[in-house]
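Going by numbering that gives the first Met the number 0, 104 is the number at position 105 of the sequence shown; the sequence numbering is gapless. Here's the structure, in structure tokens; my notes come after.
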Amino acid sequence: MSFSGSMRGGRNRKFKSEINVVPYIDVMLVLLIIFMAAAPMQPPSEIELPNAARSTQPPSEYIRVDLKPDASATLTINGRKDGSVPREDAANRNEMAQKLGAMHDAHPGLPVMIAADKEIKYDEVIQAISEAKKAGIDRVGLATR
Numbered sequence: 000m001s002f003s004g005s006m007r008g009g010r011n012r013k014f015k016s017e018i019n020v021v022p023y024i025d026v027m028l029v030l031l032i033i034f035m036a037a038a039p040m041q042p043p044s045e046i047e048l049p050n051a052a053r054s055t056q057p058p059s060e061y062i063r064v065d066l067k068p069d070a071s072a073t074l075t076i077n078g079r080k081d082g083s084v085p086r087e088d089a090a091n092r093n094e095m096a097q098k099l100g101a102m103h104d105a106h107p108g109l110p111v112m113i114a115a116d117k118e119i120k121y122d123e124v125i126q127a128i129s130e131a132k133k134a135g136i137d138r139v140g141l142a143t144r
């Protein structure tokens with residue numbers, strides 16, 4: 000009897016058609032360790048934030064628009080030489096836009112500074128700036144504390 004071919008598995012041997020993933024896992028673990036070791040060595044990127052001390056000062060005389068959370072607004076002229084502070088109250092944003100246009104027509108050279116309560120969404124501030132631009136006001140700024 001010959002045991003040469005069939006018993007040793009010569010012709011009847013089946014090959015595995017699976018990919019051996021162990022070497023790939025080893026490489027990934029080594030890369031993970033390298034990145035974990037190298038990450039703390041990089042200095043964090045720094046952001047240059049502006050200082051309020053270096054910002055420009057508001058003009059001596061300007062129209063100030065105070066936006067309130069209840070959609071009302073107060074318009075005043077600050078920095079008048081005679082010491083008077085003309086004041087207009089607006090119940091809503093549309094009335095604010097009309098009164099701002101009228102106040103700017105009465106005092107055409109004055110810039111506008113918009114101050115908003117911290118509860119107001121930024122979108123409302125952008126809308127106020129847009130309304131000022133529609134009224135023909137070129138110099139519009141944001142007042143900060």
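Built from N, CA and C at the ideal position, the CB exists for glycine as well.
Starting from residue i and walking both ways along the beta strand (DSSP E), at which residues does that stretch end?
| i | result |
| --- | --- |
| residue 87 | 86-89 |
| residue 113 | 111-115 |
Considering only DSSP beta bridges, list what residue i is partnered with.
| i | result |
| --- | --- |
| residue 31 | Residue 31 pairs with nothing; no bridge assigned. |
| residue 61 | 77 |
| residue 147 | Residue 147 falls outside the range modelled here, since the chain spans only 0 to 144, and no answer is possible. |
Between which two residues does the alpha helix (DSSP H) carrying residue i extend?
| i | result |
| --- | --- |
| residue 99 | 92-105 |
| residue 122 | 121-133 |
So, using beta-carbon positions, are residue i and residue j closer together than 8 Å?
| i | j | result |
| --- | --- | --- |
| residue 114 | residue 63 | yes |
| residue 84 | residue 75 | yes |
| residue 90 | residue 71 | yes |
Heavy atom of the ligand SAH less than 7 Å from the Cβ of residue i, yes or no?
| i | result |
| --- | --- |
| residue 131 | The ligand content of the structure shown is nil, which means the ligand SAH is not present either. |
Applying the 10 Å Cβ sphere with the 16-neighbour rule, what's the burial state of residue i?
| i | result |
| --- | --- |
| residue 111 | buried |
| residue 61 | buried |
| residue 136 | buried |
| residue 96 | buried |
| residue 118 | exposed |
Just checking my contact of residue i with residue j at CB under 8 Å: how many whole Å lie between their CB atoms?
| i | j | result |
| --- | --- | --- |
| residue 134 | residue 99 | 6 Å |
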